[in-house]
Structures are given as C-alpha cells and as structure tokens.
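There are 2 protein chains.
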Amino acid sequence: MSEPAARLDSEQLGAYFALIEVSSLLQYAVDEHLRADGDLSYVQFQILARLVDAPDGRLRMTDLADGVVYSRSGLTYQAGLLDKRGLITRAPSPDDERSVMVTVTDAGRELVAHVLPGHVERVHELLFAPMTGTDLATLGAVLGRVRDHMRAVPPRSAKPRASRKRAG
Amino acid sequence: MSEPAARLDSEQLGAYFALIEVSSLLQYAVDEHLRADGDLSYVQFQILARLVDAPDGRLRMTDLADGVVYSRSGLTYQAGLLDKRGLITRAPSPDDERSVMVTVTDAGRELVAHVLPGHVERVHELLFAPMTGTDLATLGAVLGRVRDHMRAVPPRSAKPRASRKRAG
DNA sequence: TATTGTTATACTCTATAACTATA
DNA sequence: TATAGTTATAGAGTATAACAATA
Chain A
1 MSEPAARLDS EQLGAYFALI EVSSLLQYAV DEHLRADGDL SYVQFQILAR
51 LVDAPDGRLR MTDLADGVVY SRSGLTYQAG LLDKRGLITR APSPDDERSV
101 MVTVTDAGRE LVAHVLPGHV ERVHELLFAP MTGTDLATLG AVLGRVRDHM
151 RAVPPRSAKP RASRKRAG
Chain H
1001 MSEPAARLDS EQLGAYFALI EVSSLLQYAV DEHLRADGDL SYVQFQILAR
1051 LVDAPDGRLR MTDLADGVVY SRSGLTYQAG LLDKRGLITR APSPDDERSV
1101 MVTVTDAGRE LVAHVLPGHV ERVHELLFAP MTGTDLATLG AVLGRVRDHM
1151 RAVPPRSAKP RASRKRAG
C-alpha cells in the first residue's frame, strides 16, 4: 500500500510506448489477414487455436474463458458464431452436467490449417525479421517473466469472482 | 514475393504469445484504471496525452489520427466525446481552412494530471517491477527497432490511401 | 449456496460511404 | 482532383443483470 509514488523514466516510457505500439500494429496486421483469409476475428482464431492445441480438441467453456475472452457472455457469443459456422460443437460435459464441452470440428481444424501459414508469415515478417537470435532469446525470457508476474499479481480492485478480467 | 514458407520455432512462438498476452493484460489493467479514475477509454487518454505533449497543446485532426485511431470517422467520434466534456476544443486552422486544430483545455490537462500517477503506477507495477535494468534496456532497444521496422514495411495489401491503418 | 452457462438488453466503438468544403 | 473532416448508418463486440440448471 501507498508506495512512494511510482515514476517512469524516459527509458521506461520509451519501452512502454514501444510495447503498446508494436503489439497494436502486430494485432491489426494479423487481424486483417485472419479476416481476409478466413473470415475470423482474432478472438475467434484464438479460440480455435486453443482448441486445436488441446487434447482431443476439447475444452470446457470456462477453460476457454480463462485466457481468451473477458466475460462469459462474450465467450458464449463468440462460440455461438463459431458453432453456427460448423467450426466447433458444444455438448454438456459427462463429468459435470453444468459444464459445456467445446470441440473443434474437422472444418475448424481445416480452417486453422488454412489460415496458419499466412498468420505465421506475417508475425515473422513484422515481429521477428528485425531481430537477432540474442534479441529473441532476451525478449522471450523477459516477456515470459513479466507475464508470469502479471498473472500472479492480484488485480488492484480484487474481485472475489473467478475467471474475471474486465469486470467493471 | 513467395518466400520459402515462414516458420516459427517454439522459441518464437513463446515470445509471440508472451508479447500478445503481456500487452493485453497491461492494456486491460490500464484501461480499467483510466475508466474508474477518469472515465476515459484508453484511446481517449492517448488523444489527450498526445495533445498535452504537443507544442501549445495543439494538433491537427490528421496528426492525431496518425498514430492513435484507425479511421478518420472514429477520431471524429472520440473527439466529439472529448469536446462535449470540455476536455478539448476544435477550431478551423488558420493556415489551412480544411484542417481542424484540436487543443487541450485546462480541464483536459487537469484530468490527465489527475489520472497520470495511477496510470504510471500500474505500468510500473505490472510491466517494470519484474525487470532488471538490463532487461529494460534490451527490451526498449529491440521493441524500438521492431516498431521502426513495422512502420517502414509497406502494408501487405498496399493501399494508396494515406493515414490508413485498418481500412477493410 | 456456489458454479456453469445462456439470454436479453443496452451501449461503446469502429468502419463504410456519401457528403461538404477548401487547396 | 486531392485532401480534411463530418455525418449517417450499420454492424461487431462487450458487459451487466437476470435467469435456469447442476453441484
């Protein structure tokens, strides 16, 4: 509580702005490609990609919500769109009847496979092309540590609710 | 054209995911604070911050659009909100009657000043707390280089239009 | 009672296209 | 003709609250 007023020196400010700008530009480029090449928003792609990565291509709604989308209703909305397009299926979980298991369909896997090369190409071209091997190693290490820290730090306005992220 | 199919090794994938995750978490945290503490979206804060930083607190709409918002109409919308709240004023430019000069008001400066400490505090706490001085230097250097590269690289679907960013 | 998920609803934001006005 | 900006409009996405069902 009440630390001695944080400051950001100009080096920190520069790094902060660069981070925001780089990730914004990257996400715009990647989002644009996903929409043009697969009619997918970035959120939808992330959902599909997580499912493709999961064992048996299945995850519970709650597992998906943790880490991709901000509210449960938002995920329901996105899942509804993907379901309508036949890219996923939803069914009550046998283990826990409250839960819904989401599964990627073959069509979903094919769409991810179709879209992935161009996605990767853009990330490579924009993000990694101007990096050396040392740059990459450091960046990965530092950002990985920061991510773990962010995940560990309790949210300022600590809410008791689980799987929260943007609750206002 | 047609390079030999870009790939991302697992180190690159890890760095890419970490970057997206870190910037997302950071922006959520910061956005949440700005809304709670100043009823500002991140975009609105960026507009005000850029104006506060500008000579005489003034910029043309076009200058603001380059680097903050994606479409001219989007900026008009946001500027309308800020104008309505008395945080900026808009007036035709004397130099070029087509242009609109946007100026931060005192109220706008005060709001930025009010909100800035908490903003900085969160950035510090989330992003810089787990970094060493070397980390920071490297991160800033690498991300700065990447940003310049991104700004220089011609957009894939090169559009002739100026000040574009997300044109569909 | 707590958790999982959906629905209804309202709102914010963004983009497109058409338009005005100045260079 | 090209540039600067606004407006009308439509659509995507998100959050909140109320709800049903299961644990």
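So the protein sequences, as listed, match chains A and H.
When we follow this note's numbering, the leftmost residue of the first sequence carries the number 1, and every step to the right adds one.
When we follow this note's numbering, the leftmost residue of the second sequence carries the number 1001, and every step to the right adds one.
Beta carbons are placed, not taken as given, at the ideal position from N, Cα and C, and that holds for glycine.
Please read these numbers as outputs of a predicted model, since none were measured by experiment.
Any C-beta of chain H under 8 Å from that of residue i
i	result
residue 108/A	no
residue 85/A	no
residue 145/A	yes
C-beta contact flag for residue i and residue j at 8 Å
i	j	result
residue 1052/H	residue 1122/H	no
residue 87/A	residue 111/A	yes
residue 1133/H	residue 144/A	no
residue 24/A	residue 34/A	no
residue 62/A	residue 99/A	yes
residue 68/A	residue 90/A	no
residue 946/H	residue 1104/H	Nothing in the structure corresponds to residue 946/H, since chain H is present only between 1001 and 1168.
residue 1011/H	residue 59/A	no
residue 1006/H	residue 120/A	yes
residue 81/A	residue 44/A	yes
residue 1029/H	residue 147/A	no
residue 26/A	residue 1139/H	no
Residue of the options minimising C-alpha distance to residue i
i	options	result
residue 1057/H	1101/H, 1146/H and 1077/H	1101/H
residue 1009/H	138/A, 128/A and 65/A	128/A
residue 1037/H	1072/H, 1118/H and 1153/H	1118/H
residue 1150/H	16/A, 22/A and 27/A	22/A
residue 1039/H	1073/H, 1027/H and 1085/H	1085/H
residue 31/A	153/A, 131/A, 79/A and 115/A	115/A
residue 130/A	1020/H, 1152/H and 1071/H	1152/H
residue 1107/H	1124/H, 1096/H, 1083/H and 1097/H	1083/H
residue 1046/H	16/A, 79/A and 54/A	16/A
is_contact[residue i, chain A] using C-beta, thresh 8 Å
i	result
residue 1034/H	no
residue 1089/H	no
residue 1006/H	yes
residue 1163/H	Low confidence applies to residue 1163/H: its pLDDT is 35, below 50, so where it sits in the model is not reliable enough to give any reading.
With 8 Å as the limit, tell me which residues of the stretch 1092 to 1118 of chain H have their beta carbon closer than that to any beta carbon of chain A; keep them in chain order. Within the stretch 1092 to 1118 of chain H, the residues whose Cβ lies closer than 8 Å to some Cβ of chain A are 1117, listed in chain order.
Mind checking the stretch 1058 to 1082 of chain H against chain A and listing, in chain order, the residues whose C-beta falls within less than 9 Å of any C-beta there? Hits within the stretch, in order: 1067 and 1070.
Give the list of continuous alpha helix (DSSP H) stretches no shorter than 4 residues that lie fully inside the stretch 1082 to 1139 of chain H. The stretch 1082 to 1139 of chain H contains these whole alpha helix (DSSP H) runs: 1106 to 1123.
Would you list, in chain order, the members of the stretch 1008 to 1020 of chain H that have their beta-carbon closer than 8 Å to a beta-carbon of chain A? So the close ones are 1008, 1011, 1012, 1014, 1015, 1016, 1018, 1019 and 1020.
Report the residues of the stretch 36 to 57 of chain A with a CB closer than 7 Å to any CB of chain H, ordered along the chain. Cβ contacts with chain H: none found.
What runs of the beta strand (DSSP E), each 3 residues or longer, lie entirely inside the stretch 1014 to 1069 of chain H? Listed in chain order, they are 1058 to 1060.
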